[in-house]
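Chemist:
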Amino acid sequence: MRTRITWLALTSVIAFLAAGLVILLPVPAAGQTVSSAQTQTKALDARYDKGGTRYTASVTVSQTTDLVHQKVKVSWSGLRPTTAQGTYPVVIMQCWGKAAEVTQQTCWNAGTNVGTQRLGFGFHDVLFNSADPATKAIFGDTPSENSVVPFKARDDGMLYNGWQGSEGWGKDAEGKDKVTKTNPTGFSVATSNAVMPGTYVGRTGANGSGEHDIELLTEFELKHLGCGSTSPCSLVVIPVGDPHCNATRDAQCLSSTSASLRNATTWMWPTNWSRRVAFDLSFRESPEACKLDDRLETGLAGSWYAYQLLNNSWRPKFCNDQNLFKLGYTALSDGDARGLFGTALAGAWQDGSTNALLTSRAMAGEPVKPFVYAPVTVSSVAVSFILDAPDGTKEVTDVKLNARLLAKLFTQSYRTTAAAGAEHPALKNNPKWWGADPEFTALNPSLAGLAALTREGSEYPVFSIGDMDALYALTAYIAADKDAVAWLNGANDGYGMFVNPWYHQYQLPVGLLELRDDWVVTDERSPFKGEKLLGQHANTADNINVGAVAATQAWPTAFINRSCTPDPDPAKPPTCIFKRKDQRQVGGQRAMLAVTSLGDSKVYGLRQAALQTAAGKFVAPDDYSVALALRGTKLDEKTGVLSTDFEKMHPDAYPGMSIVYAGIPTTGLSLATAGNYAKFLDYAAEPGQVRGYAAGQLPDGYVPLSEPLREQTRNAAKAVREQKGEVPPPPASLAEDPAAGLLPPAGGGGAANGAAGGGGTGTNAPAPSASPNASPSGAPTVDKAATSVATRTDSSGFAKWVLPGLLAIAVLAGLIAFGAMVWTQPDHPVRRALRAAADRLRRS
Numbered sequence: 001m002r003t004r005i006t007w008l009a010l011t012s013v014i015a016f017l018a019a020g021l022v023i024l025l026p027v028p029a030a031g032q033t034v035s036s037a038q039t040q041t042k043a044l045d046a047r048y049d050k051g052g053t054r055y056t057a058s059v060t061v062s063q064t065t066d067l068v069h070q071k072v073k074v075s076w077s078g079l080r081p082t083t084a085q086g087t088y089p090v091v092i093m094q095c096w097g098k099a100a101e102v103t104q105q106t107c108w109n110a111g112t113n114v115g116t117q118r119l120g121f122g123f124h125d126v127l128f129n130s131a132d133p134a135t136k137a138i139f140g141d142t143p144s145e146n147s148v149v150p151f152k153a154r155d156d157g158m159l160y161n162g163w164q165g166s167e168g169w170g171k172d173a174e175g176k177d178k179v180t181k182t183n184p185t186g187f188s189v190a191t192s193n194a195v196m197p198g199t200y201v202g203r204t205g206a207n208g209s210g211e212h213d214i215e216l217l218t219e220f221e222l223k224h225l226g227c228g229s230t231s232p233c234s235l236v237v238i239p240v241g242d243p244h245c246n247a248t249r250d251a252q253c254l255s256s257t258s259a260s261l262r263n264a265t266t267w268m269w270p271t272n273w274s275r276r277v278a279f280d281l282s283f284r285e286s287p288e289a290c291k292l293d294d295r296l297e298t299g300l301a302g303s304w305y306a307y308q309l310l311n312n313s314w315r316p317k318f319c320n321d322q323n324l325f326k327l328g329y330t331a332l333s334d335g336d337a338r339g340l341f342g343t344a345l346a347g348a349w350q351d352g353s354t355n356a357l358l359t360s361r362a363m364a365g366e367p368v369k370p371f372v373y374a375p376v377t378v379s380s381v382a383v384s385f386i387l388d389a390p391d392g393t394k395e396v397t398d399v400k401l402n403a404r405l406l407a408k409l410f411t412q413s414y415r416t417t418a419a420a421g422a423e424h425p426a427l428k429n430n431p432k433w434w435g436a437d438p439e440f441t442a443l444n445p446s447l448a449g450l451a452a453l454t455r456e457g458s459e460y461p462v463f464s465i466g467d468m469d470a471l472y473a474l475t476a477y478i479a480a481d482k483d484a485v486a487w488l489n490g491a492n493d494g495y496g497m498f499v500n501p502w503y504h505q506y507q508l509p510v511g512l513l514e515l516r517d518d519w520v521v522t523d524e525r526s527p528f529k530g531e532k533l534l535g536q537h538a539n540t541a542d543n544i545n546v547g548a549v550a551a552t553q554a555w556p557t558a559f560i561n562r563s564c565t566p567d568p569d570p571a572k573p574p575t576c577i578f579k580r581k582d583q584r585q586v587g588g589q590r591a592m593l594a595v596t597s598l599g600d601s602k603v604y605g606l607r608q609a610a611l612q613t614a615a616g617k618f619v620a621p622d623d624y625s626v627a628l629a630l631r632g633t634k635l636d637e638k639t640g641v642l643s644t645d646f647e648k649m650h651p652d653a654y655p656g657m658s659i660v661y662a663g664i665p666t667t668g669l670s671l672a673t674a675g676n677y678a679k680f681l682d683y684a685a686e687p688g689q690v691r692g693y694a695a696g697q698l699p700d701g702y703v704p705l706s707e708p709l710r711e712q713t714r715n716a717a718k719a720v721r722e723q724k725g726e727v728p729p730p731p732a733s734l735a736e737d738p739a740a741g742l743l744p745p746a747g748g749g750g751a752a753n754g755a756a757g758g759g760g761t762g763t764n765a766p767a768p769s770a771s772p773n774a775s776p777s778g779a780p781t782v783d784k785a786a787t788s789v790a791t792r793t794d795s796s797g798f799a800k801w802v803l804p805g806l807l808a809i810a811v812l813a814g815l816i817a818f819g820a821m822v823w824t825q826p827d828h829p830v831r832r833a834l835r836a837a838a839d840r841l842r843r844s
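1 is the number of the first residue of the sequence shown in the UniProt record's numbering; add one for each residue after it.
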C-alpha cells in the first residue's frame, strides 16, 4: 500500500510541477514588446480609378513609437497596380507636425529637390479653389498652373523650393521673394529619404499590394524636420490615382491617359492629397538628453557593437533616471580603446572621466592593475546588404556567402567595373565585381543576371578603417576555412579566379584591413590615369555605423566621381580630384555590401547575408543562431572571456557572434565611481536584458545574456563595488553551457547524431568550399531560441516548441497521475469497469 501511495504522490507532484511550469514560465507575450506597428484603412474616392472601380487601401507602418534614426517598413494592399510608365505609384514622406495637422508644405518631399515643380493641370483639380484662403496658404497668393508648393522648414519657418520656382507667391513687405529658390542647407544626398522618383519609387504589384522601406531622420540628421521626443512628426502615404478635374476640364481628365496626370509629381494635387493616409510618429528620447544632466559623468569607451544599445537606448534611460547616473559612452575602434585603457591602467583614476572599456577581445599581456571583464550584451558582426533583383522589380532578401568569397572581398581581388581594370596585370582575368563572380552565382543561382550588369562603386563592401573586433570576427571565420586559406595561398577558386598577389599568404585574422594594391593606371584615356585604381574603388568608412548608414542609403563611399576645375591659365590643365558620388544608387539598381554590427543592420532595415557553416549549409544571424554560437566557444579561465572555437561550432550557429564585455577596475576607483559602474553592471545583468524599443531596453540585433553570463556580470559588479582588487573567477556554469537559460540543454534530443536541428537559415546550395566546422556540439532541441526574456517575434521558439512540450508533459503527467490514482484504489469505478470488461472477454 505504501508503494502505491508513494507512486500516487510522485505522479501528482509531476503533474503539479508540469502544470506549474506551463503557468510560471513566460508565455510568448510575457516581457515582449508591444508592437507599435499601425494599420489604417481608407475607402478611396470613386475617381481614384476613373473606370469606377472602388478601392479600399490598407496601409501598415512597422513601427511608429520609440523611433531613432532608422528605417521602417511601409506595406499596403487594395491599390491600383503601378504601371511600367510609373503611373499610380505610392508616395511616402516624412513630415513635421501631427498627422491631423500636416500639409503639403510640411512634408520633406526630398527626392531630387525639396518643394515641387509647377502645379500644371492640378490647377484644375475639382478640390482646388483659388479663392480659398486655405488653398492660398499652400499654393500661393495668386495660384495658377505655374504655382509651386514650397517646403516650410520647422526650424526657421522659411519657405524653400529647390526647383528654383516661386510662382504664385509674390513678395513680402520688404520686397523679397516669399519663397527661397534653393534647397535648405540640410538637403543633401544623405537626407533624400522620400519614396518618390529621383531615388526610390513605391510600386504596387499586380495583386494590389506593395511595400517599401523609408529611412526616418531625427532632428540631429535633419533640423528642418526637427523630429524628436518632444517634437511630433508624421509619416504620410499617398496612393496616386486618376485625376478628378473641375467641370470645365473633367471630360479632358476622363479621356486622358497621360502619365503626367497620374505620376508621383502629382502627389500635392488636392485630390491626391485627400487620399493620404497619415501616421503619427514618436521618437525616443535622444542621448543628447545627457547634456542636460548636470551630474558628473561615469563613462565607458570602445565597442561599436554596442552603439545602438549603449548610445541610443541605455544612455537616455540612465541620464533621465535619478536612481541611476549620468552614463557616458564613447564609441571607438576596439584596438584604440584597448590601447587607451591599457595606458590609463598605469595612472590614477579620476571621477568624471572614462575609466572603463568595452571590448569583445581580452587585452594582451598582464594588466598593471586588476580589472574584471563583465558581459554586457551578445551580438554579432553582419555582412549587411541592400540588393535589387537583376530585373530591377524587387529587393533581394537572401544572399549566401562563404569564407572564400569574403576573402576575395577583403583582398582587392576584383578588377572593378572601370575599363582600366582590364589592364591590371594580376587581375585582368578576375571578375569585375562580386555580382559577376561565378562562385557567387553558384551559391545564389537566382541572381545569375547580376553578372551582366554594372554596379559602379559596388565592387567592394563598405568596411571600417579602424581596428575593429567586428572585422576580427569575420576574418577569423575566413582563417578557419581551409578552402579560403588555400585560395589566399595561391590556389584557384575552381572558377579561374586568383588572389591579388599583394595579399598572397595574407595572415588572418586581423582587426584592421589594409589596402595593399598600389597599381597605378597609366592609360591616357582613363579618368583614373595616375591613380591607384583599387584604392579609389575601396568603400571605406570611419566606423561600422557609418558603413551601415552608407548601405542603408545605397550610397557607395568609393572616391570614383571625378571633378575638375579649369585653371585660370588656359594653357594649364584643369585641377581634378576624386570624390564620393553625388547621388545614391537608384531604386531597382542597388547593390551594396557592408560589414556592420547586427544592431546597426537591424535598426537600419538592412538584410544580413547567410554564411556557410557546413557543406550546403548557410546561416544568417538571428536570436537563435547567435545564441547557439555561445556553445561554440572556448573559455579563458584567467580573464573569463569567451572566444569563438570553430571546431566546436554547431552548423546551425552563426559564426560571427561576439560578446561585448565591460572592462572595469576593481581597485583605485572612488566609492562613488565604483558604485556607478556596479550599478551599470547590475542593470546590464537584469533590467537591461528586457527586449523592447523603449529607452533602457534591449533593441533588435542584441541577444539577452545567458544565465552564466549574467552570473558573471553580477559577480563582477560585486568586485567593482567593493574595490578590493579581487577578480572573481568565471562561474562554473560558464564552462558547462555558456548558453544556459537561452537554449534547452545541449544534447537533450532534437536532431540526431549532431545533425542540424532546423534553426537559422539553413539552406542547401551548391558550394565548392567546405565549412570550417568539424565537430559540432550537441544539436539543439528546438528550432528557435527559448530565451529567458521573450523575444518580440511571433516565431519565438519558446512559443512554438517549449510551451507545447510542457503542455504535453503536463497532459502526460496528468494521465499518469490519474492512472496511478486508479491503480492504487481497487474499488475505483474505472477499475471496476475494467474488471467487468475483462470478465466479459474471458467468458466470450
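Virtual Cβ for every residue (Gly too), placed ideally from N, Cα, C. These numbers were taken from a predicted model, which means no experiment stands behind them.
Check whether the Cβ atoms of G547 and T596 sit closer than 8 Å, and answer yes or no.
Modeler: Residue 547 sits at position 547 when you count from the first residue of the sequence shown. Residue 596 sits at position 596 when you count from the first residue of the sequence shown. Yes, Cβ-Cβ distance for G547 and T596 is below 8 Å.
Chemist: Pull up the distance between the alpha-carbon of G530 and that of E524, whole angstroms please.
Modeler: Looking up residue 530 in the sequence shown gives position 530. Looking up residue 524 in the sequence shown gives position 524. Cα to Cα, the separation comes out at about 9 Å.
Chemist: Is there at least one non-hydrogen atom of the ligand MG closer than 7 Å to the beta-carbon of E395?
Modeler: This structure lacks the ligand MG; in fact it carries no ligand of any kind.
Chemist: Using beta carbons (cut-off 8 Å, strictly below), is T557 in contact with chain B?
Modeler: Although the question refers to chain B, the structure presented lacks it and comprises just one protein chain.
Chemist: Would the beta-carbon of D334 fall within 8 Å of that of T359?
Modeler: The count along the sequence shown starts at 1 and reaches residue 334 at position 334. The count along the sequence shown starts at 1 and reaches residue 359 at position 359. Yes; because the gap between Cβ atoms is below 8 Å, this pair is in contact.
Chemist: Which same chain residues end up closer than 6 Å to S147 when comparing Cβ atoms and leaving out the 5 residues on each side of it in sequence?
Modeler: Position 147 of the sequence shown, counting from 1, holds the residue named residue 147. Excluding residues within five positions, the ones whose Cβ falls inside 6 Å are L119, F139, G140, E167, G168.
Chemist: Tell me whether the segment 566-573 and the segment 423-442 touch, counting them as touching only if at least three CB pairs, one residue from each stretch, are closer than 8 Å.
Modeler: Not touching, per the Cβ criterion.
Chemist: Which one or two residues does DSSP pair with P375 in a beta bridge?
Modeler: Numbered from its first residue, the sequence shown carries residue 375 at position 375. According to DSSP, which records beta bridges pairwise, P375 is partnered with Y661.
Chemist: Give the list of continuous alpha helix (DSSP H) stretches no shorter than 4 residues that lie fully inside the segment 401-442.
Modeler: You should have 403-409.
Chemist: Taking the C-alpha atoms as reference points, what is the distance between S188 and S458?
Modeler: The residue you call residue 188 lines up with position 188 of the sequence shown. The residue you call residue 458 lines up with position 458 of the sequence shown. Near 21 Å, if we compare the C-alpha coordinates of S458 and S188.
Chemist: Going by DSSP, what residues sit across from N561 in a beta bridge?
Modeler: Residue mapping note: residue 561 aligns to position 561 of the sequence shown, counting from 1. K579, per the DSSP bridge assignment.
Chemist: From L681 to A476, what does the alpha carbon distance come to, in whole angstroms?
Modeler: Mapped onto the sequence shown, residue 681 falls at position 681. Mapped onto the sequence shown, residue 476 falls at position 476. Their Cα atoms are separated by approximately 29 Å.
Chemist: Looking at C-beta atoms only, is the number of pairs between the segment 303-322 and the segment 531-550 that lie closer than 8 Å three or more?
Modeler: Segments in contact, yes.
Chemist: Which one of N492, T248, F121 has the shortest CA to CA distance from residue 845?
Modeler: In this structure the chain extends from 1 to 844, so residue 845 is not present and cannot be described.
Chemist: Less than 8 Å between C-beta atoms, sequence neighbours within five positions excluded: which residues of the same chain meet that for E686?
Modeler: As a first step, residue 686 must be located in the sequence shown, where it is residue number 686. The answer, listed in chain order, is R710.
Chemist: Quick check on DSSP: helix, strand or coil for N312?
Modeler: One-based indexing of the sequence shown puts residue 312 at position 312. DSSP places N312 in helix when its eight states are reduced to three.
Chemist: Beta-carbon within less than 7 Å of S777's beta-carbon, same chain only, minus the 5 sequence neighbours each way: which residues are those?
Modeler: Taking the sequence shown and counting its residues from 1, one reaches residue 777 at position 777. Only weak support exists for where S777 lies, its pLDDT of 35 falling under 50; the coordinates are left without a value.
Chemist: Please name the residue, chosen from K394, A153, P184, K178, that lies closest to G162 on a Cα-to-Cα basis.
Modeler: Within the sequence shown, numbered from 1, the residue matching residue 162 stands at position 162. It is P184 whose Cα lies nearest to the Cα of G162.
Chemist: Can you tell me which of the three DSSP states G208 falls into?
Modeler: Taking the first residue of the sequence shown as 1, we reach residue 208 at position 208. G208: coil per DSSP, three-state reduction.
Chemist: Hey, how far is the Cα of M93 from the Cα of V399?
Modeler: Against the sequence shown, residue 93 aligns to sequence position 93. Against the sequence shown, residue 399 aligns to sequence position 399. Spanning the two alpha carbons is a distance of roughly 29 Å.
Chemist: For H537, is the classification buried or exposed, using 16 other Cβ atoms within 10 angstroms of its Cβ as the cut-off for buried?
Modeler: Residue numbering aside, residue 537 sits at position 537 when the sequence shown is read from its first letter. Buried, by the Cβ-count rule.
Chemist: Consult DSSP for K718 and reduce its assignment to one of helix, strand or coil.
Modeler: Position 718 of the sequence shown, counted from the start, is the residue given in the question as residue 718. Residue state, collapsed to three classes: helix.
Chemist: For a quick check, are the C-beta atoms of G347 and T298 less than 8 Å apart?
Modeler: One-based indexing of the sequence shown puts residue 347 at position 347. One-based indexing of the sequence shown puts residue 298 at position 298. In this structure, T298 does not lie closer than 8 Å to G347 by Cβ.
Chemist: Should N207 be labelled buried (16 or more other beta-carbon atoms within 10 Å of its own) or exposed?
Modeler: Indexing the sequence shown from 1 puts residue 207 at position 207. That one is exposed.
Chemist: Whole angstroms is fine: what's the gap from A558's alpha carbon to L427's?
Modeler: One-based indexing of the sequence shown puts residue 558 at position 558. One-based indexing of the sequence shown puts residue 427 at position 427. A558 and L427: Cα-Cα distance of roughly 19 Å.
Chemist: Classify L159: buried if its beta carbon has 16 or more other beta carbons within 10 angstroms, exposed otherwise.
Modeler: In the sequence shown, the residue the question calls residue 159 occupies position 159. Classification of L159: buried, given that the 10 Å Cβ count is 16 or more.
Chemist: Taking one C-beta from the segment 621-630 and one from the segment 417-431 each time, how about it: are there three or more such pairs within less than 8 Å?
Modeler: Because the criterion of three Cβ pairs below 8 Å is not met, the segment 621-630 and the segment 417-431 do not touch.
Chemist: Along the chain, where does the alpha helix (DSSP H) containing I478 start, and where does it finish?
Modeler: Translated into positions along the sequence shown, residue 478 becomes position 478. Here the alpha helix (DSSP H) through I478 covers 469-479.
Chemist: Expressed to the nearest angstrom, what Euclidean distance is found between the alpha-carbon atoms of residue 865 and V641?
Modeler: Limits of the chain in this structure are 1 at one end and 844 at the other, which puts residue 865 out of reach.
Chemist: At which residues does the beta strand (DSSP E) containing A301 begin and terminate?
Modeler: If you number the sequence shown from 1, residue 301 lands on position 301. It spans 298-302 - the beta strand (DSSP E) in which A301 sits, taken as one unbroken run.
Chemist: Given a cut-off of 8 Å on the beta-carbon distance, is the pair V396 and A594 in contact?
Modeler: By 1-based counting over the sequence shown, the position of residue 396 is 396. By 1-based counting over the sequence shown, the position of residue 594 is 594. Taking 8 Å as the Cβ cut-off, V396 and A594 do not qualify as a contacting pair.
Chemist: Taking 8 Å as the limit between beta carbons, can you name the residues of its chain near Q252, skipping five residues before and five after?
Modeler: As a first step, residue 252 must be located in the sequence shown, where it is residue number 252. Hits under 8 Å: C245.
Chemist: With R295 and F341 assumed to form a contact (beta carbons below 8 Å), what rounded beta-carbon distance in angstroms separates them?
Modeler: As a working note, residue 295 is residue 295 in the sequence shown. As a working note, residue 341 is residue 341 in the sequence shown. The pair is not a contact, with the Cβ atoms about 23 Å apart (cut-off 8 Å).
Chemist: Does DSSP put S733 in a helix, in a strand, or in coil?
Modeler: By 1-based counting over the sequence shown, the position of residue 733 is 733. Correct three-state label for S733: helix.
Chemist: Indicate the three-state DSSP secondary structure (helix, strand or coil) for N545 in the structure shown.
Modeler: One-based indexing of the sequence shown puts residue 545 at position 545. Three-state DSSP puts N545 in a helix.
Chemist: Tell me the DSSP secondary structure of N272 in three-state form.
Modeler: Here the question's residue 272 lines up with position 272 in the sequence shown. In this structure, N272 counts as helix in the three-state DSSP scheme.
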